Amino acid sequence: MAMALEYDGSPLMSFPKHPSQASRRKKLILRRYVFLFLLLIVSSLTFFARIFSIEKDMQALYFNEVDYILLSNNPSRHEPPSISSNSSDWDSSNCAVLGLATGLSLESYKHFVGSLRSTGYPGHIILGVAKDEPEDVVSYLEDQNVTMKIVEMAGNCTYEGSIGHDGEVLDTGDWHCPKDYPDYKITWARFPLYKDWLNGCPSCTDGVILTDVRDAYFQRDPFATAVQLQMQHPLMVFEEIYPELDNTHWLTDLPVTSCKNFTVGNTPVLCSGTTM
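Going by the numbering used here, the sequence shown opens with residue -16, and the numbers climb by one from there.
Quick look at the structure:
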């Protein structure tokens, strides 16, 4: 038996005049959510792809920020020398990283040595250290297979006659010079010390890095990465931030001009802290 349903004005009795209209609205909302979800996925993938791309670019930039000093009539020429065809790729196990690290904390050694070893680098690490390094430092360096070279200081520096930016002779009384090279303050003497350490390492036959220790750390095996990127060159030197600092600064201009009668001019300063 059919019954008639009369509308009495109550909200509970109201029905949409067009049921399909609500369905269309739900579908539209659903489509919008699906679109936003897909947009989020695409944006995330693009973001991560960009991150990896930046990392790769920075890796390449590390090796591309290279300047070469060419003793020619054209000092502006910066084309790196090519490796001869009989040159072999560096083998990291025969490479060496050298630095002067006297008086650093255990944390500083962990940042430098630990980051280098964590890249898988198997080669030589040769560091100049003080003869009275703390026991925990010595133990850590031994565990990391670091060759420690004791650097003793001379009582007095023997070289006098350095000229300052004002043309006056500098007082070298407060300089610190190593006993083996008392004519050189320690920041200069590290280079002949590096030569001696390398000459004493018969298995150090491939790539070499001379670097600061206190403010350096590693993200990849530098030698394996250079080979992988085909950026292995006989000599790689690195520029300071330019043009904030250039070779018109008295620290580089005065000694070169006075000793070699040559003006380097407004060119980027090469960083003595890293040479490869």
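By construction, the Cβ of each residue, glycine as well, lies at the ideal position given by its N, Cα and C atoms. Predicted model only: the values in this text are computed from it and were never measured.
Is it buried or exposed, residue i, if we count other Cβ atoms within 10 angstroms and call 16 or more buried?
i, result
"residue 153", "exposed"
"residue 73", "buried"
"residue 88", "exposed"
"residue 111", "buried"
"residue 11", "exposed"
"residue 177", "buried"
"residue 157", "exposed"
"residue 218", "exposed"
"residue 198", "exposed"
"residue 238", "exposed"
"residue 118", "exposed"
"residue 121", "exposed"
"residue 106", "buried"
"residue 85", "buried"
"residue 116", "buried"
"residue 13", "exposed"
"residue 190", "buried"
"residue 240", "exposed"
"residue 186", "exposed"
"residue 242", "exposed"
"residue 83", "buried"
"residue 6", "exposed"
"residue 104", "buried"
"residue 215", "buried"
"residue 287", "This structure does not reach residue 287, given that the chain is present from -16 up to 259, and the question cannot be answered."
"residue 15", "exposed"
"residue 17", "exposed"
Can you check DSSP and say which residues form a bridge with residue i?
i, result
"residue 82", "110"
"residue 93", "In DSSP, residue 93 forms no bridge with anything."
"residue 102", "DSSP output for residue 102 lists no bridge partner at all."
"residue 253", "222"
"residue 161", "136"
Pop quiz: residue i and residue j are said to be a contact at Cβ under 8 Å. What is the actual Cβ separation, rounded to whole angstroms?
i, j, result
"residue 77", "residue 188", "5 Å"
"residue 248", "residue 231", "7 Å"
"residue 96", "residue 109", "Their Cβ separation, rounded to whole angstroms, is 11 Å, which puts residue 96 and residue 109 out of contact at 8 Å."
"residue 201", "residue 98", "5 Å"
"residue 192", "residue 259", "5 Å"
"residue 180", "residue 81", "6 Å"
"residue 165", "residue 184", "The Cβ separation is near 24 Å, so there is no contact."
"residue 136", "residue 162", "6 Å"
"residue 221", "residue 257", "5 Å"
"residue 71", "residue 204", "The pair is not a contact, with the Cβ atoms about 17 Å apart (cut-off 8 Å)."
Any heavy atom of the ligand NAD closer than 7 Å to the CB of residue i?
i, result
"residue 115", "Among the ligands in the structure shown, none appear at all, so the ligand NAD cannot be discussed."
*Which ranges would you report for the alpha helix (DSSP H) in the stretch 171 to 245 if only whole runs of at least 4 residues count?*
205 to 211 and 233 to 243
*Could you give the uninterrupted runs of the beta strand (DSSP E) lying entirely in the stretch 113 to 149, keeping only those of 3 residues or more?*
130 to 133
Is the stretch 248 to 257 touching the stretch 214 to 231, taking contact as three or more C-beta pairs under 8 Å?
yes
| Between the stretch 207 to 219 and the stretch 123 to 142, do three or more beta carbon pairs fall short of 8 Å? | no
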